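There are 2 protein chains.
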Amino acid sequence: MVGIREVAEAAGVSVATVSQVVTGKRPVSASTRARVEEVIARLGYFPHPAASQMRGGRTGMIALVVPNLANPFYPLVADGMQDVFAPRDLLLTVTDSNVPERSAVTIYRLLSRRVDAMVVAQFGLDEPSLAALREAGVPFVGLGQAPPGGGDFVHTDDVGGFREVVSHLVGRGRRRIAFLGGEEPAIPTRQRLEGYRAALAAAEVPARTDDVHFAEFTREGGRAGATILLDRKDPPDAIAAANDLIAIGVLDAARALGLRVPGDVAVTGYDDIDAASLVNPPLTTVENPAREIGRACARLLLERLDGEAPDVARAVALSHRLIIRESS
Amino acid sequence: MVGIREVAEAAGVSVATVSQVVTGKRPVSASTRARVEEVIARLGYFPHPAASQMRGGRTGMIALVVPNLANPFYPLVADGMQDVFAPRDLLLTVTDSNVPERSAVTIYRLLSRRVDAMVVAQFGLDEPSLAALREAGVPFVGLGQAPPGGGDFVHTDDVGGFREVVSHLVGRGRRRIAFLGGEEPAIPTRQRLEGYRAALAAAEVPARTDDVHFAEFTREGGRAGATILLDRKDPPDAIAAANDLIAIGVLDAARALGLRVPGDVAVTGYDDIDAASLVNPPLTTVENPAREIGRACARLLLERLDGEAPDVARAVALSHRLIIRESS
DNA sequence: ACGATGGGACAAAACCTTTTGTGCGCCTCG
DNA sequence: CGAGGCGCACAAAAGGTTTTGTCCCATCGT
Chain W
1127 MVGIREVAEA
1137 AGVSVATVSQ
1147 VVTGKRPVSA
1157 STRARVEEVI
1167 ARLGYFPHPA
1177 ASQMRGGRTG
1187 MIALVVPNLA
1197 NPFYPLVADG
1207 MQDVFAPRDL
1217 LLTVTDSNVP
1227 ERSAVTIYRL
1237 LSRRVDAMVV
1247 AQFGLDEPSL
1257 AALREAGVPF
1267 VGLGQAPPGG
1277 GDFVHTDDVG
1287 GFREVVSHLV
1297 GRGRRRIAFL
1307 GGEEPAIPTR
1317 QRLEGYRAAL
1327 AAAEVPARTD
1337 DVHFAEFTRE
1347 GGRAGATILL
1357 DRKDPPDAIA
1367 AANDLIAIGV
1377 LDAARALGLR
1387 VPGDVAVTGY
1397 DDIDAASLVN
1407 PPLTTVENPA
1417 REIGRACARL
1427 LLERLDGEAP
1437 DVARAVALSH
1447 RLIIRESS
Chain R
1127 MVGIREVAEA
1137 AGVSVATVSQ
1147 VVTGKRPVSA
1157 STRARVEEVI
1167 ARLGYFPHPA
1177 ASQMRGGRTG
1187 MIALVVPNLA
1197 NPFYPLVADG
1207 MQDVFAPRDL
1217 LLTVTDSNVP
1227 ERSAVTIYRL
1237 LSRRVDAMVV
1247 AQFGLDEPSL
1257 AALREAGVPF
1267 VGLGQAPPGG
1277 GDFVHTDDVG
1287 GFREVVSHLV
1297 GRGRRRIAFL
1307 GGEEPAIPTR
1317 QRLEGYRAAL
1327 AAAEVPARTD
1337 DVHFAEFTRE
1347 GGRAGATILL
1357 DRKDPPDAIA
1367 AANDLIAIGV
1377 LDAARALGLR
1387 VPGDVAVTGY
1397 DDIDAASLVN
1407 PPLTTVENPA
1417 REIGRACARL
1427 LLERLDGEAP
1437 DVARAVALSH
1447 RLIIRESS
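The listed protein sequences derive, respectively, from chains W and R.
The first sequence begins at 1127 in our numbering and counts up one residue at a time.
The second sequence begins at 1127 in our numbering and counts up one residue at a time.
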């Protein structure tokens, strides 16, 4: 644990000078700088992050908070963020907010004073956490939805995307199209449901309330939800799932019930995660540009941190793409 | 940003007393405690992490460092770790060590003074980082391999597991079994290769050096590697891949070359990630108890942090399970 | 009733930086 | 040759907590 004092002593300068060499916030003569740098390299010194932070400095860490680490969509986003952060020497950490025995509020609290900024996916679920962030003065960006109460965010047109995929089902002759959502209060669920309704309305297909069902954004949630939708007298002939994980669960359920896809029931997903093209049959889905989303989030954040951002909330919209495969 | 001083003032006690109420490291009379706690709740105070850390305290954060966030094996491990950490109010963060423009050493450096402990997967790749950790006094646990130079670790019997899956291929009548590994220097690659050789030796099947190939631990790596293995005059009749991601890439390559699986070439993976049962055909693979691995890592770490661990390195071995599906 | 004991609160030091105001010495210009 | 100015390094304060030694007061025992 070599501290700045040892370095100063070894180099025969004051600690202030060492600090200035490291941070570069004030000019230091070339000869002194060289000497100090040599000592730093030799001793392997680097500033204690906690101490630096105390004196009003930055942390150098950015957090990505996701509702479910196992959703393969997020690693792609993280990758995109790294593209932007790594050259700036910011360290990205990913945290799962869906931890049992711990509320989201706790997590934001814990995180808020350890990171310079956060990218938050799906905070719609609890608003008090946002208050904590704002109060702590930690810039944040919404991933996929606008932060309630205002703030920057990056999103895709989920309403439009879902409308497209449901219209595609209509175009294939399906008339009893069910919607299998994620958690009901989540913004992505609401928007995708809105797209679903819009598509049905546009095609003048009647919407049945018992064809809309909510479940967790997981494979297991999809399996359970689809079983309920399909295992009745009058089952739908298509299920539009709110994401790929759910859709894969739907395939599980269909298989268990002896139904053929797309023969008996067509299935579509959303996100185009890797697994979507791997399942049997390959899933029709909508591709979101995950990597580009990550980059956009990172850029917005960086501008805030640099103080270059205007004092208004900004929204970045990225486009999606319908991918038709064999499940429909 | 309400500090301990405000709380002390509002409660009419000294800052020391407030600290003692919060940390509980010294007894405080019931009446005083109640008063202070009321004020804390009303003001929404909680200690500044950086300041706490400075005074020799803990961070309350644990890091999981993985070589590739997109590998679905790790989220499962993370989940298992959460099971143990959440009740203890420790926050888990996941970091990808495979960031371009940044060496692993940098990452360990940055992390080492911000977290109380780390779980490290696949550090075999660079040893200087370990030196940094040891010097920083951050306890760490190896995930899947022994830390070079000693230390706790949790592992499964990769040699045995791979031997089993290769023996299974032999039992199915395959005689030209190729090994498609991950990065050559990685410990898992070496152990699985060892298992491969042991199985061939036991079955008295000749081993051909040109049937051993190394690639990245990714789908793309598998695709590229398999193309090399399969696209020659005298291709193997089976490929045992070092993990599922690679195996899925092998399926891609086989499809592209017009080969049938398992008709023309049998394929096996390792890890039993979610996607393994989803691909077409479903993969024969070896299941590693990811969640249990996570829990074991967490427990080892906790014992170190609590100072309850003996001063020797400990190894926890968990058992695997061969899962036979249609790809073989 | 007085001294001993101990519970409980407090003051101050310590943790390691960064930042800012100050002062010194040298160079330049008048 | 003298005065003003500037480039550089330094000293000291600040940042928010935890910890430790100390002190006070109340209670208990004799």
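Backbone N, C-alpha and C fix where the C-beta goes; we use that ideal spot for every residue, glycine too.
Computed from a predicted structure; not experimentally measured.
- Look at F1288 (chain W) here: in three-state DSSP terms it is helix.
- Following the DSSP letters along the chain, one finds T1353 (chain W) inside the alpha helix (DSSP H) bounded by residues R1345 to L1356.
- Residues of chain W whose Cβ lies closer than 7 Å to the Cβ of F1172 (chain R) are, in chain order, R1235.
- If the five residues before and after P1274 (chain R) are omitted, its C-beta is found closer than 6 Å to the C-beta atoms of E1253, all from its own chain and listed in chain order.
- Looking at W:A1329, W:G1263 and W:T1185, the one whose alpha-carbon comes closest to that of V1241 (chain W) is W:T1185.
- Closest by C-alpha distance to Y1200 (chain R), out of R:G1183, R:D1215, R:G1182 and R:V1220, is R:V1220.
- Listed in chain order, the beta strand (DSSP E) runs fully inside the stretch 1156-1228 of chain W are 1187-1192 and 1217-1222, counting runs of at least 3 residues.
- Of all alpha-carbon atoms in W:L1444, W:G1420, W:V1376 and W:E1429, the one lying nearest the alpha-carbon of P1408 (chain W) is that of W:V1376.
- Contact check for R1300 (chain W) against A1392 (chain W) passes: the beta carbons are separated by less than 7 Å.
- An exposed status is given to M1127 (chain W), since fewer than 16 other beta-carbon atoms sit within 10 Å of its beta-carbon.
- In this structure, the alpha-carbon of E1346 (chain W) lies about 8 Å from that of L1371 (chain W).
- Using a C-beta cut-off of 8 Å, the stretch 1352-1367 of chain R makes no contact with the stretch 1257-1266 of chain R, since fewer than three inter-stretch Cβ pairs fall below that distance.
- Looking at the backbone, the Cα of Y1322 (chain R) and that of T1282 (chain R) are separated by about 16 Å.
- Proximity of L1404 (chain W) to chain R, defined by a Cβ-Cβ separation below 7 Å, is satisfied.
- Membership of E1310 (chain W) in any beta strand (DSSP E) is not indicated, and neither H nor E is assigned to it by DSSP.
- Between T1149 (chain W) and V1291 (chain W), the beta carbon gap of about 51 Å keeps them out of contact (Cβ cut-off 8 Å).
- With a contact defined as Cβ atoms closer than 8 Å, V1210 (chain R) and R1421 (chain R) qualify at about 5 Å.
- Proximity of chain R to A1176 (chain W) at the Cβ level (cut-off 9 Å) is accounted for by P1175, A1176, A1177, S1178, Q1179, M1180, T1185, R1239 and R1240, in chain order.
- The three-state reading of DSSP puts G1276 (chain W) in coil, since its state is none of H, G, I, E or B.
- By alpha-carbon distance to S1445 (chain R), the top candidate from R:V1231, R:P1173 and R:G1286 is R:G1286.
- Taking 7 Å as the threshold, the shortest C-beta distance from L1427 (chain W) to chain R does not fall below it.
- If you compare the alpha carbons of W:L1326, W:R1447 and W:Q1208 with that of A1364 (chain W), the shortest gap goes to W:L1326.
- Between T1221 (chain W) and chain R, the shortest Cβ-Cβ separation is below 7 Å.
- In this structure, V1144 (chain W) sits near V1133 (chain W), with a CB-CB distance shorter than 7 Å.
- In the DSSP assignment, the residues bridged to I1303 (chain W) are W:A1364.
- Only residues of its own chain outside the window of five on either side were considered, and among them none has a CB closer than 6 Å to the CB of E1434 (chain W).
- With a threshold of 7 Å between beta carbons, A1204 (chain W) makes contact with chain R.
- Inclusion of V1245 (chain W) and L1190 (chain W) in the CB contact set at 7 Å is warranted, their separation being smaller than that value.
- One thing to note: G1268 (chain R) has its Cβ within 7 Å of the Cβ of F1279 (chain R).
- In the DSSP annotation of this structure, I1372 (chain W) is not part of any beta strand (DSSP E); the continuous alpha helix (DSSP H) holding it starts and ends at D1370 to A1382.
- When DSSP states are grouped into helix, strand and coil, R1421 (chain W) belongs to the helix group.
- Under the DSSP definition of a beta bridge, M1244 (chain R) partners with R:A1189 and R:F1266.
- A Cβ of chain W is located within less than 7 Å of the beta carbon of E1227 (chain R).
- Secondary structure of A1333 (chain W) (DSSP, three-state): coil.
- Residues F1305 of the same chain have their beta carbon placed closer than 6 Å to that of V1338 (chain W), with the five preceding and five following residues left out of the count.
- Annotation: V1154 (chain W) is outside any beta strand (DSSP E) and is labelled neither H nor E by DSSP.
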